[in-house]
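**Student:** Mind having a look at this structure? Questions to follow.
2 protein chains.
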Amino acid sequence: MVTPGAPPTDTIRATAPRRAVLRLIAAHGDGHFTAADLVADAGHRGVHIGRATIFRTLDLLLEGGFIERIDLPDGEHAYVACRPSHHHHVVCTRCGRSTDVDDGDLRGVTAAVERATGYAIEGHRLELYGRCSACVGAVEA
Amino acid sequence: MVTPGAPPTDTIRATAPRRAVLRLIAAHGDGHFTAADLVADAGHRGVHIGRATIFRTLDLLLEGGFIERIDLPDGEHAYVACRPSHHHHVVCTRCGRSTDVDDGDLRGVTAAVERATGYAIEGHRLELYGRCSACVGAVEA
DNA sequence: TCGCGATTGATACTGAGTATCATTCGCGCG
DNA sequence: CGCGCGAATGATACTCAGTATCAATCGCGA
Numbered sequence: 000m001v002t003p004g005a006p007p008t009d010t011i012r013a014t015a016p017r018r019a020v021l022r023l024i025a026a027h028g029d030g031h032f033t034a035a036d037l038v039a040d041a042g043h044r045g046v047h048i049g050r051a052t053i054f055r056t057l058d059l060l061l062e063g064g065f066i067e068r069i070d071l072p073d074g075e076h077a078y079v080a081c082r083p084s085h086h087h088h089v090v091c092t093r094c095g096r097s098t099d100v101d102d103g104d105l106r107g108v109t110a111a112v113e114r115a116t117g118y119a120i121e122g123h124r125l126e127l128y129g130r131c132s133a134c135v136g137a138v139e140a
Numbered sequence: 000m001v002t003p004g005a006p007p008t009d010t011i012r013a014t015a016p017r018r019a020v021l022r023l024i025a026a027h028g029d030g031h032f033t034a035a036d037l038v039a040d041a042g043h044r045g046v047h048i049g050r051a052t053i054f055r056t057l058d059l060l061l062e063g064g065f066i067e068r069i070d071l072p073d074g075e076h077a078y079v080a081c082r083p084s085h086h087h088h089v090v091c092t093r094c095g096r097s098t099d100v101d102d103g104d105l106r107g108v109t110a111a112v113e114r115a116t117g118y119a120i121e122g123h124r125l126e127l128y129g130r131c132s133a134c135v136g137a138v139e140a
């Protein structure tokens, strides 16, 4: 899952392409986006960035915790910009906006599961889907 | 995400290839498997089934709730046989075994999130990763 | 300013999943 | 029990995400 091109990276440079990717990501605000979205965005804006570079930058940001990969209900892989600490996402099924939320009571849930199954839970992934406050009353197109 | 070949399906037939796929899935026991795994299994067993048929059968079972798609930590898509009701999975990071668990206190977590974010939660996806009772003490190879 | 090593992007490739379509098969009906 | 029709199959081709390669380029510290 690691895009090559920067094996035993020692220093990380601030390059123009990387800044461009950051800008593209910022343009998505709270919404989620896929690698393909960024490639398309770059095209539409006339910004010339190689596909590989976009993937590499994404990996870099992922590693640094500046973005996180989320799995949409249909199995698609998307990303959202977020703070670099453990948390989860609520993503709006209508507008795509996503908001960070923290573990909350999840600890209790995993504890119950450990007790019930005998597994030693080491990690988890929680994705919540729903309508954000702005889309709650909206009727589908 | 819907594999074609059976558009406005009226009746579902019990065919030999489908039974073969079921058998392949059963062979995985509690473990998870990918579509590619099944294709490979079929090959190894000398069972001749078309790739497309495997994907189609998988979709069918998915639709019927007999298997469920799970997302491994690395983003891979896998499937596990399971009962057709709402629940989640704990998957062992060592042996791949997976066990069904129910929502438990998750309801409380989502309620808290709704209160905190203003989202109307409609669905969720929860994947738990850890060591199953048999693998808890094991040292990695 | 110089040089080294990180970074880039063009290109090619892999592997998952989907589309197409002529052929075959399951199965309910007469 | 044999027919016929529509479901199902599988070979093939294709799309699309993500990865590998590598020569050329650029950032940045000395």
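Taken in sequence, the protein lines are chains A and B.
Quick note, the first sequence lines up with residues 0 to 140 if you use numbering that gives the first Met the number 0.
Quick note, the second sequence lines up with residues 0 to 140 if you use numbering that gives the first Met the number 0.
The beta-carbon is built from N, C-alpha and C at its ideal position, and this holds for glycine as well.
1. Determine, for A34/A, whether the minimum Cβ-Cβ distance to residues of chain B falls below 8 Å.
2. For the segment 123–130 of chain A and the segment 113–132 of chain B, state whether three or more C-beta atom pairs, one from each stretch, are separated by less than 8 Å.
3. For the beta strand (DSSP E) holding H76/B, just list the boundary residues, first then last.
4. Classify A137/B: buried if its beta carbon has 16 or more other beta carbons within 10 angstroms, exposed otherwise.
5. Using a C-beta cutoff of 8 Å, does V104/B count as contacting chain A?
6. Since Y78/B and H123/B should fall inside the 8 Å C-beta cutoff, what is the C-beta to C-beta distance between them, to a whole number of angstroms?
7. On the premise that A34/B lies in contact with L57/B, defined as a C-beta separation below 8 Å, what is that separation, rounded to the nearest angstrom?
8. For G129/A, would you say it is in contact with chain B, using Cβ-to-Cβ distances shorter than 8 Å as the test?
9. Please list, in chain order, the chain B residues whose beta carbon lies closer than 9 Å to that of S132/A.
10. What would DSSP say about D73/A, mapped onto helix, strand or coil?
11. Does the Cβ of V89/B have 16 or more other Cβ atoms within 10 Å, making it buried, or fewer, making it exposed?
12. Using beta-carbon positions only, say whether R68/B and L61/B come within less than 8 Å of one another.
13. Using 8 Å as the limit for Cβ to Cβ distance, is G64/A near chain B?
14. Just the C-alpha distance for R82/A and C134/A, rounded to the nearest angstrom, thanks.
15. What separation, rounded to the nearest whole angstrom, lies between the Cα atoms of H85/B and R44/A?
16. Leaving aside the five residues before and after G95/B along the sequence, list all residues of the same chain whose C-beta is less than 8 Å from its C-beta, in chain order.
17. Name the DSSP bridge partner or partners of Y118/B?
18. Taking 8 Å as the threshold (beta carbon to beta carbon), is R124/A in contact with chain B?
19. At the level of alpha carbons, what is the spacing between G49/B and G28/B?
20. Counting only the same chain and skipping the five closest in sequence on each side, list residues whose C-beta sits under 8 Å from that of V100/A.
21. How should A140/B be labelled, buried or exposed, when 16 other C-beta atoms within 10 angstroms of its C-beta is the threshold for buried?
22. G74/B versus chain A: which residues are under 8 Å apart at the beta carbon?
23. Taking all protein chains shown into account, do 16 or more other C-beta atoms lie within 10 angstroms of the C-beta of V1/B, making it buried, or fewer, making it exposed?
24. Quick check: what's the CA-CA separation for L21/B versus I66/A?
25. Tell me which residues share the same chain as L71/A and place their Cβ nearer than 7 Å to its Cβ, disregarding the 5 neighbours each side in the sequence.
26. Helix, strand or coil for R93/A, going by three-state DSSP, please let me know.
27. Does any C-beta atom of chain A lie closer than 8 Å to the C-beta of A80/B?
**Tutor:** Quick look at the numbers:
1. no
2. yes
3. 76–80
4. exposed
5. Checking the sequence shown, residue 104/B turns out to be Asp, not Val. For D104/B, the answer is yes, since a Cβ of chain A falls inside 8 Å of its Cβ.
6. Incorrect: roughly 19 Å between the Cβ atoms, too far for contact.
7. 6 Å
8. yes
9. T116, G117, Y118, A119
10. coil
11. buried
12. yes
13. no
14. 24 Å
15. 44 Å
16. G30, H31
17. Answer by DSSP bridge pairing: none, since Y118/B is not bridged.
18. yes
19. 23 Å
20. H86, H87, H88, V89, L127
21. Bear in mind that a pLDDT of 49 at A140/B, under 50, signals an unreliable position, so the number given afterwards is only what the model happens to contain. That one is exposed.
22. M0, R68, D70, H76
23. With a pLDDT of 47 at V1/B, under the threshold of 50, the modelled position of that residue is not reliable, and no figure is offered here.
24. 39 Å
25. A77
26. coil
27. no
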